[in-house]
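Heads up: the sequence shown begins at 16 in the working numbering, then just goes up one per residue.
Even for Gly, the Cβ is constructed at its ideal location relative to N, Cα and C.
In this text, all values refer to a predicted model and were calculated from it rather than measured experimentally.
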Amino acid sequence: MSRLQTKLVEHLHDAQREPAVADPRGILPAADLAAIRTEGLTKEFGKRVALDHVDLRVPQGVVFGYLGPNGAGKSTTIRSVVGLIRATSGLVEVLGHDVARDRDAAQRLIGYLPGDFVAYPDLTAAEYLHHLTCLRGGAGASAIPVLAERLDLPLDRRFGSLSHGNRQKVGIVQAFMHEPPLLVLDEPSTGLDPLGQREFLAMVREARDQGRTVFLSSHVLSEVEAVADVVGVLRGGRLMFTDSLSNLQRQALRRIDLVFGNAPPVEALRRARGVHEVVVTASTAHVRVEGSTAELLRAAAPYGVENVRTHEADLGDLFLGWYGEGGES
Ligand SMILES: Nc1ncnc2c1ncn2[C@@H]1O[C@H](COP(=O)(O)OP(=O)(O)OP(=O)(O)O)[C@@H](O)[C@H]1O
């Protein structure tokens, strides 16, 4: 992180001095108010268009998974939302606060984990986190040991001597500890071991179950599948679509293995509605099917099916299709 960015992040913590309530005037935000709303969000770096008229609406109380290939513009969106960079044009609102006009009020509501999280190398994790609670007017101090224990983070070690994964845990703790209504997390599970990742996902679900909103960018599809309610896909600076995870899973191809007594009836299986692919090994047909498997099973039944193994719908192929071209050029 550059010196300028470090200063901007410090400003962000300073803005969080006020208690993290959704409306500092004590009026709760209307339930239909979006946690994040962008309209025509465009960001140009010189001639490079990083974001091109992005219209995003993240409702309150959901986990929103923001996906896209390298260079698609995820971090640029996130840095625009948390007020670290100014949009070239378009609107960004956080719980009704215009980030350009009312940045401090917006930042007060956000817990932010940057993609390149760093802290002062000579401070211990505990000293650094307590330093942040001071900047934030004391909010979150009591949560530090609790979150550190959950994530198995050694608080007494100097930040500069921590492993990559443990540094990331410091970043996660500082984002969560003051219980902000909106968490904005850029590639949050980078470097976490499986236990750390599991605990982190549990923290995300708990935040959501408390009615808070989590906006996270990720390359880890399994993580998004495990935790997101809504998915948005960005390509080449354009938002391709947003949809609920359950809708996407319905579209995803299901894998089903059919074991026959004799050679599998490949042609009959291929003709069944929704079947995309049939691969045969010995007496087993490995079939990939879209939507319901009823038609496939009806087609297979006359040929003496001895066993059926079904697998969870896999978003992987959909994901690779979405990624395609559209990263950095
Ligand atoms: N400060 C900057 N100056 C110039 N170009 C930038 C700057 N920040 C980002 N970009 C460009 O904007 C585009 C989007 O970058 P961004 O970091 O938002 O992508 P990303 O989706 O987060 O990628 P990744 O998955 O690799 O983190 C890229 O082409 C990048 O080179």
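Opening and closing residue of the beta strand (DSSP E) in which residue i lies
i      : result
His326 : Run containing His326: none; DSSP gives neither H nor E here.
Val78  : Val78 to Leu82
Thr257 : Arg253 to Ser259
Val64  : Arg63 to Val73
Tyr135 : That residue, Tyr135, is in no beta strand (DSSP E); it is neither H nor E in DSSP.
Phe215 : Unbroken run through Phe215 is the alpha helix (DSSP H), Pro209 to Asp224; no beta strand (DSSP E).
Arg288 : That residue, Arg288, is in no beta strand (DSSP E); it is neither H nor E in DSSP.
Ala300 : Thr299 to Glu305
Residue environment, residue i, which counts as buried when at least 16 other CB atoms sit within 10 Å
i      : result
Tyr345 : For residue 345 there is no data in the structure shown, the boundaries of the chain being 16 and 344.
Thr325 : exposed
Leu207 : buried
Val185 : buried
Gly80  : buried
Thr296 : exposed
Ala314 : buried
Gly152 : exposed
Leu335 : exposed
Glu54  : exposed
Ser261 : exposed
Ser233 : buried
Gly126 : buried
Arg286 : exposed
Arg288 : exposed
Ala309 : exposed
Arg316 : It is Ala, not Arg, that sits at residue 316 in the sequence shown. Classification of Ala316: exposed, given that the 10 Å Cβ count is below 16.
Distance CB(residue i)-CB(residue j) smaller than 8 Å
i      : j      : result
Pro50  : Leu197 : According to the sequence shown, residue 50 is Ala rather than Pro. A contact, by the Cβ cut-off of 8 Å.
Val109 : Leu124 : yes
Lys58  : Ser95  : yes
Leu311 : Val290 : yes
Leu56  : Ala121 : no
Gly247 : Leu71  : yes
Val188 : Leu150 : no
Glu292 : Arg303 : yes
Reference residue i, options the options, closest by Cα
i      : options                           : result
Glu327 : Val320, Gly306 and Ala315         : Gly306
Val245 : Gly55, Asn322, Gly76 and Thr53    : Gly76
Asp131 : Gly289, Glu202 and Gly175         : Glu202
Val323 : Thr299, Pro317, Gly331 and Leu335 : Thr299
Leu128 : Ile93, Glu142 and Gly61           : Ile93
Ser204 : Gly98, Pro195, Val242 and Arg285  : Val242
Asp171 : Thr139, Arg151, Glu194 and Ala163 : Thr139
Gly98  : Met192, Ser261, Val199 and Asp70  : Val199
Val161 : Phe174, Leu150, His146 and Phe191 : Phe191
Val133 : Gly111, Glu164, Arg173 and Arg101 : Arg173
Pro169 : Leu335, Met218 and Glu142         : Glu142
Gln264 : Gly247, Leu330 and His193         : Leu330
Glu194 : Ala222, Val73 and Phe215          : Ala222
Met218 : Arg286, Val78 and Thr148          : Val78
Asp258 : Trp337, Gly319 and Phe215         : Trp337
Tyr318 : Ala283, Thr148, Val304 and Gly126 : Ala283
Arg165 : Phe215, Asp137 and Ser104         : Phe215
Gly175 : His301, Ile100, Ser104 and Asp137 : Asp137
N- and C-terminal bounds of the alpha helix (DSSP H) containing residue i
i      : result
Thr92  : Lys89 to Val96
Phe191 : His179 to Phe191
Ser237 : Leu236 to Val242
Gly247 : Element bounds for Gly247: not the alpha helix (DSSP H) but the beta strand (DSSP E), Val245 to Arg250.
Ile159 : Ala158 to Leu166
Asp119 : Arg118 to Gln122
Glu310 : Ala309 to Ala315
Stretch-stretch touch, CB-based, cutoff 8 Å, three pairs: the region 266-279 with the region 228-240: Touching, no.
Counting Cβ pairs, one atom from each stretch, are 3 or more of them under 8 Å apart for the region 269-289 and the region 108-122? no
Given 8 Å, three or more beta-carbon pairs between the region 76-94 and the region 47-67: For the pair of segments examined, the region 76-94 was found to touch the region 47-67: the number of CB pairs separated by less than 8 Å reaches three.
Mind the definition here: the region 202-215 touches the region 180-189 only if three or more C-beta pairs lie below 8 Å; say whether that holds. yes
Can you confirm whether the region 147-166 touches the region 100-115 when touching is taken to mean that 3 or more C-beta pairs between the two stretches lie within less than 8 Å? no
Within 8 Å, do at least three Cβ pairs link the region 253-263 to the region 217-237? no
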